[in-house]
Structures are given as structure tokens and as C-alpha cells.
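Participant:
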Amino acid sequence: MFKHWFRRCEPAGNKQGLNACPDECPDKCPDKCPNKCPDKCADNCIDKYSVYCPLHPEMTLDCLQLNQTAEIHTVPDESILEALGFRPGKRVCLRCRARFGGPVVAEIEGRHTALARSLARRIHLRSRQTPVPEYD
Amino acid sequence: MTKTHILLIGPPNIGKSVIFNHLTGLNVSCANYAGTTVEFVAGKIKIGSTELLLVDVPGTYTLKATNQAEQVAVDMLSGRHRTGSTATCAHCQEDTDVCAEDLSEKPSAVICVVDANNLESSLYHLFQVMEYRLPTVVALNRIDLARDKNLDIDVDTLSAELGIPVVPMVAIEKKGFSALRTAVARLVETPEKPYVSWDPGSTDLWKKAEDLTRRVCASGRDKPLSRRRAWGERLVQPWPGLPLAILILLLSFALIVGIGMQLRQLVLLPLFRGLIIPQIVYVVELLVAPGILRNILVGEYGFLVKGIEWPFTLVMPYVLSFYGVMAALEDSGYLPRLGVLLDGLLNKIGLQGSSIIPLLLGYGCGIPGILAGRALSSGKERLIIATMICMAVPCISQTGAFIAMLSERSVTVVLAVFLVSFIALILSGVIMDRLLKGPRPVTIMEIPELLPPKAGVLAKKIWVRLKHYVTDGALPMVVAVGIAAVLYETGIMAAVGRFLSPLVVHWLRLPEEASIPLVLGIMRRELAVLPLIEMDLTTMQLFVGAVVGLFYVPCIAIVATLAREFSIKTAFFMLLLTSTTAFLVGGLFARMTFLSWIFV
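Line by line, the protein sequences give chains Z and U.
Everything in the first sequence is counted per our numbering, starting at 238 for the first residue and increasing by one.
Everything in the second sequence is counted per our numbering, starting at 804 for the first residue and increasing by one.
Written as C-alpha cells, this is what we have:
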């Protein structure tokens, strides 16, 4: 029971990991893709534009599932984020979400950083993801 | 300051201060989290036959001068740092013969510390340093951690690509220092400016750093996660991190109190009460005739009796146990993890997770706590932390005094005092957050590697703290007790007692002589409590005395620190706030007679 309480926020049941935690990842999907994707989005569109596509809702760092990896697309302009490895093209893995509305812990190339969720929400990802095995 | 100097520069938390301590033989504080060095420190080093000055610059991720620490680093590199600028040399507040207040000349060389464990971002920092075209040597530190990640760095290729010498090191294990000394000596003899092949300002340094990292790093694939790194991750996860955090904090508290009590009862008390103090009393009684002078020396408040007994038997054991436990927590890299776990809660009082570090340091002594606040991002946070420390965080000397005074009466009263302190801590945070304007902080915190603390390093840290306590804590206490003895014997104390009696006797319901600690407490925090031990008080009165002592004026040294860090106005405000709260809360508790039923 305790274990469950501590892990309460792990998103479950959603394979894509999109909008998995409804409290944290509001559905920000606009009606039309601003990148002028056709209604049925071609797969390569995901990699190219990654966001704002009705079929592929916007993905931000705070929406990743635990231990899931994705590629960074855009990062807010903070020099410290750059220095900690948050740069476009880097692969980032979400390691945990702290309780009490605390930060998320993200890993880039073995380096762990705690980021406030509001900040994590401003880090956009490319949708291509590969799950990595959980360390145990 | 005309002596040539060398800068020690690099990103935060990669061992600059460890290298500095080893090269200079000094003992600046080192810990396993970013922002340990908040002021620059200078020390002498001997390279060959020449004596140089080595300056440890606070760590910065970039050199874009976007915050105070980065500005200091940029000023130092370009030789613009002058007396009176915002950053000061840590030594100038202490009496050492080394001081680098005015660094208005360009450094003759730079030791740029590069983290093998996070090579890419360190190289980016190094490229920025190289753009200043100063003779540079690279100390490639923490290669052991890189190997643990299965990363092999080709040092020769790296050196050839950069065109500057690169020395692989494991500073904490004292490896690589002779090579570093040789490289620095060569650089000082024949200064060679690095060749900057790119166009500063218009080159993407990140891309350059990424390319170079790819060329020099051979990464073996899929090495299983070492146990150390796996625990490093586990401790930051809500499960099992949170329950373990509670366990670790309880264990730390138990160790501090337990070791402190044992040290006191089994070692220091018998040593001082049974051996040293009787000898002193014997000698004084032989030499000095009965009278005021003898009373001042060895009488009731005789400063050769109480002045030795209090600092060395009541307070010192807890100083030792606190700094032992704290050193282990600091060096392991656990504190930032605790910060992440508690970040959400601390956010509710306007703080971020990393502010747990200054708060915990404040439990040792308020001054390092307030100074460590410099690593926090906003002025609002710093002021909240300073208020919390002044109001509700007892320093370790005062904690020792509380335990000595109250534990023999009842455990519940000790717990009650700490509960009051904890509630006050939360309340002062919440109120200050509401009162002060400013945005809520946004957490960005690097989580350092979890490292097992090294016994040798811990022992050295405790030793340094102990020396510091004897010179800066115990000696002033002896003097303060001496002054008290004079005031007591000359009758001035009685007059002060009569003057303060409406407050002390009627409002706080304490005996008249309890005004003594109120006078002494201005000098040192624990002296607001210790004299009460000698008075025949009820448990309830002791509790009221302890609460008044807890909130009462932070010691003179803290007030001075506040004035320096913030302003005289802030220091005065804090003085007023703390003493008013002390008397208000103390008086209220004195009227809660039902409490005496609990303190059994």
C-alpha cells in the first residue's frame, strides 16, 4: 500500500505515454496542425515537426512516462539548461516525479537534473520514443 | 596585490576546492553539491622556486556573466576584479597573511578543471576560458567516475586537439597532483597562450564541444549500472527515497544526540570535572586570597570553572557529533537528493529544494547557513532563509545547551522545544513568503553522483571544524563568562536583574537572576540558555527559558553577517523581530500551566 502511495503518480495503461497524467499534462492539442499537416498525418511529419499535430498531440518533458526516452526538440532560453545537457537533439529520459508537486528528474547522458514541472512543460520533445529497461 | 596569480576555474561541483586545498595546504570547505564555494579564496602555492597565489573561483556553468558568480569569474579572467566589488575574498574576513582582495591584473595562468564525467559541458566552459587567451592547463578530474560509466577518454588526443596540456586526475584520491604541478611549473616558466582556431562569438561552441567529445571518448556499450549509481537513483525516487529520507534524518539526529551524549558523559565530563577543573581551582586557591578576584576566577560564575566547563563539556561534544554526521551527508551527495524529495513542500513556503542545504548548515552555525544562501537564485529566498535561521534554527551550541539543560528533567520537554522550533520555522517561512514580493523560484538543480564519503576527508573536516570551534566559539564563550563573573561579583548583574524584573519575573515568571542569560545571550546564543542550568528552576520555567533562548537575539556575529550580506536595516529589523517574538512567545508559554502536566 505504501509503495503504491509513493508511486501514485506513475501514469499507467497508456502505451504512448501521452496525456498520461491528466493533472499534469493538459490536452493541448489544437484542432488543426499549424504545420499544415494533412488530416491524416504522415509519419515523417512527426519527426519533422513533432508538435501540434491532431494525431500526435504536443509532447513535453513532464508528459513522458517513467523511464521513457525521447529526443529534445526545443528548450527555453536558459543558459544553465544548455549546460546541463538540455539541448535540441539530445536524448532525455524521465527518471522520476517527486511528490507534493515537486520537480521531475530527467537524465541526459548519465547526468541527472531536477527540473520544476513548469519548466519541464516548456521543454518540447520529438515524439519518437523508445522505452528503456528500468534499472533494478 | 601585485603578486602573480593563477586562477582555478571550472563548472560547479567537480572538485576545484579539493584541488585548491591539496595545492595550498589550506582547508576551504568542500562538499558534494554545486555552490559550496560562494566566495573566491586565495592561497599560496610553491611551484619550483617561485611562490604564486592560487585563486579558487566559484564554479559556473558558463561564462556569460548572467549572475553574480559568473560575473566574478569573468572579471577575474579579464583582470578587472577590484577592491570593493560585490564579491569578496573569504580570507579578508579572517586573519591570514594571504589575501587577494584586489585582483586587478590578468592572471599569469589558468588551471581549468574539466569534469571527465560530464566532458561535453566542461569542454564548452573550457572553450570559453580559452577565448581569453591566457596560458591554460587542463586538470581532467574525476576520471574514475567516467570509467565507472564505461567511458574511456583519450587524454593525448584531447591534449593535441586543444593544443594545451591535459592532466588526468582523481583529486579526492590525491592522484595526478605531481603531474599537475609539473604542468603548471612549465606553463609559468614558458607561458604559452592557447591557439584559438575558431572565431569567438560566431562559432557554435556547443557543437564544437560535442564533436570533440565524440572524437576523444570511447564508450564501451551497456555496462550494467553500478550499485553506487543505482542507489543514487533510488534515493531520489519517491519510493523508496521518501521513507529512506525520514529514516536517514532520524538516524542522523539520533547519531548527533547519541554520540554527543556519550562523548560528554564518558569522556569530556570526567576529564574536565574530575581532572582539569579541580587542578585549576586548587592552584587558584593557593595563589589568590579569598575575595572578589577569587570569586571571579573560581566562584559561582568563575570563568575558570563555568567558562571551561560549559564550552568544553556541554557544547563541544555536540559540535563534534554534528559536524561528523553533517560531513558524511555533505560528501555523499545525499543533500541535493533530499532537496529534490522535499522541493514540493518547500515550494509552498517560497523556497526551492536546494535551500535545504543552507537550512541544515544553519543547525551547525547560522553564519555558514546565511552565506550558503548566496548559491540560491533570488534575493527573496536568501532573506527567507536568513529569517528562518535567525528565528527558529538553534545552532549546534545552543542545541547542546538545550539537551544538557533539559534532557535530565524529561524527554518530552526536549521534544517540545524542538517542536516549537519546527513550527516557528514553518510559520516564519510562510509569513516571509507572503510579505516579500517576488516570483516563486523555479527549480533547476543538478543531482551530483552519490559517492561514499572517505574516512580521511571526514576526519580532516571534523578536525578543521573543531579547531574553528575552539578559536571562534569556545574562547569567546570563556571571555563572555569572565565578563559575567565580573558583573556578578561587582553587583552590576543584580542591578540589571532588578531593572529587567518586570519583564523576567512578572511576564516570563522566572526568578530575577534569569536576566543574566538575557544579557549574555546577546554575545552568544547558547549563553542565553546555559546559566539557567545553575539555577534551581522548575521544568516549566526551564521550558520557558529555553523557548526565550531559542527565539532571542541571534548572536552578535550573526547580526554582523546579516548587516554585511543584506543591510544594517535588515540586521536591526531581525534583532527587533527576534527579541520581540522571544518575549511574546515566552510569556504566553509561561501562562500555559497545563504544559507542566505534559513535562513529566
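Cβ coordinates follow ideal geometry from the N, Cα and C atoms, glycine included.
Name, please, each residue of chain Z whose Cβ falls closer than 7 angstroms to the Cβ of K1183(U).
Facilitator: Per Cβ cutoff of 7 angstroms: no residues; K1183(U) is ~16 angstroms from chain Z at best.
Participant: G1348(U) and A1317(U): beta carbons closer than 8 angstroms?
Facilitator: Contact flag set, yes.
Participant: With a CB to CB cut of under 7 angstroms and the five nearest residues on each side skipped, what residues in its chain are close to V1388(U)?
Facilitator: The beta carbon of V1388(U) is closer than 7 angstroms to those of V1350 and F1354 in its chain, skipping five residues each way along the sequence.
Participant: By the 10 Å Cβ neighbour count, where 16 or more other Cβ atoms means buried, how is E1036(U) classified, buried or exposed?
Facilitator: buried
Participant: Nearest by alpha-carbon distance to L1174(U): which of L1222(U), F1115(U) and E842(U) is it?
Facilitator: E842(U)
Participant: Which residues does DSSP list as the beta-bridge partners of P971(U)?
Facilitator: L943(U)
Participant: Mind checking I1371(U): buried by the 16 CB within 10 Å criterion, or exposed?
Facilitator: Exposed: under 16 other Cβ atoms inside 10 Å.
Participant: Using only alpha-carbon positions, find the residue among L1330(U), I848(U), A1131(U) and K909(U) that is nearest to A876(U).
Facilitator: K909(U)
Participant: Indicate the three-state DSSP secondary structure (helix, strand or coil) for I1173(U) in the structure shown.
Facilitator: helix
Participant: From the beta carbon of P861(U), is the nearest beta carbon of chain Z less than 8 angstroms away?
Facilitator: no
Participant: Check whether the Cβ atoms of L943(U) and V987(U) lie closer than 8 angstroms to each other.
Facilitator: no
Participant: Quick one: which unbroken alpha helix (DSSP H) runs of 4-plus residues sit fully inside the segment 946-1025 of chain U? Chain order, please.
Facilitator: 946-951, 958-965, 980-992 and 1008-1019
Participant: May I ask you to report which of helix, strand or coil DSSP gives L1313(U)?
Facilitator: coil
Participant: Could you list which residues in chain Z have their beta carbon closer than 9 angstroms to that of N944(U), in chain order?
Facilitator: Near N944(U) there are no residues of chain Z at all, since even the closest Cβ is about 15 angstroms away, more than 9 angstroms.
Participant: Quick check on DSSP: helix, strand or coil for E1133(U)?
Facilitator: Helix at E1133(U).
Participant: With respect to 7 angstroms, is the separation between the Cβ of L1254(U) and the closest non-hydrogen atom of the ligand ZN below this value?
Facilitator: Among the components modelled here there is no ligand, and therefore nothing to report on the ligand ZN.
Participant: Could you tell me which whole alpha helix (DSSP H) segments of length 4 or greater appear in the segment 1245-1318 of chain U?
Facilitator: 1258-1272, 1278-1292 and 1295-1304, all fully within the segment 1245-1318 of chain U.
Participant: Classify P1046(U): buried if its beta carbon has 16 or more other beta carbons within 10 angstroms, exposed otherwise.
Facilitator: exposed
Participant: On the DSSP letters alone, give me the boundaries of the beta strand (DSSP E) that I1226(U) sits inside.
Facilitator: Counting along the chain, I1226(U) falls outside any beta strand (DSSP E), though it belongs to the alpha helix (DSSP H) covering V1214 to L1238.
Participant: Identify the residues that DSSP records as bridge partners of L810(U): which are they?
Facilitator: V858(U) and V913(U)
Participant: The alpha helix (DSSP H) with E1088(U) in it runs from where to where?
Facilitator: I1080 to L1090
Participant: Using a Cβ-Cβ cut-off of less than 8 angstroms, list which residues of the segment 331-362 of chain Z approach chain U; keep chain order.
Facilitator: R332, C333, R334, A335, R336, F337, G338, G339, P340, V342, E346, G347, R348, H349, T350, A351, L352, A353, S355 and L356
Participant: With 16 as the cutoff for other CB atoms within 10 Å, does F1397(U) come out buried or exposed?
Facilitator: exposed
Participant: Does the Cβ-Cβ distance between L356(Z) and H310(Z) come in under 8 angstroms?
Facilitator: No, Cβ-Cβ distance for L356(Z) and H310(Z) is not below 8 angstroms.
Participant: Just curious, the beta strand (DSSP E) that I1049(U) is in, first and last residue?
Facilitator: Run containing I1049(U): none in the beta strand (DSSP E); it sits in the alpha helix (DSSP H), P1041 to Q1065.
Participant: Compare the C-alpha of K1264(U) against each of R1212(U), F1392(U) and S1124(U) and name the closest.
Facilitator: S1124(U)
Participant: Within the same chain, show all residues whose beta-carbon is closer than 8 angstroms to that of M1338(U), passing over the 5 residues directly before and after it, in chain order.
Facilitator: P1314, E1316 and A1317
Participant: List, in chain order, every chain U residue whose beta-carbon is nearer than 9 angstroms to that of R324(Z).
Facilitator: W1009 and E1013
Participant: Which residue wins for smallest C-alpha separation from Q931(U), given the options R945(U), V1128(U) and C915(U)?
Facilitator: Of the listed residues, the one whose Cα sits closest to Q931(U) is C915(U).
Participant: Are C330(Z) and T350(Z) touching if we call contact CB-CB under 8 angstroms?
Facilitator: It is not a contact, given that the beta carbons lie outside the stated cut-off.
Participant: Is it true that the segment 324-338 of chain Z meets the segment 1233-1243 of chain U, where meeting means three or more beta-carbon pairs spaced less than 8 angstroms apart?
Facilitator: no
Participant: Nearest-angstrom Cα distance between D957(U) and G1232(U)?
Facilitator: 50 angstroms
Participant: One question on the structure: do V913(U) and I809(U) come within less than 8 angstroms of each other, judged by their Cβ atoms?
Facilitator: yes
Participant: Measuring CB to CB, does V860(U) end up less than 8 angstroms from R936(U)?
Facilitator: Not closer than 8 angstroms, so no.
Participant: Taking the C-alpha atoms as reference points, what is the distance between A1021(U) and D1134(U)?
Facilitator: 29 angstroms
Participant: Unbroken beta strand (DSSP E) runs of length 3 or more, entirely within the segment 323-352 of chain Z: which are they?
Facilitator: 328-334, 341-345 and 348-352
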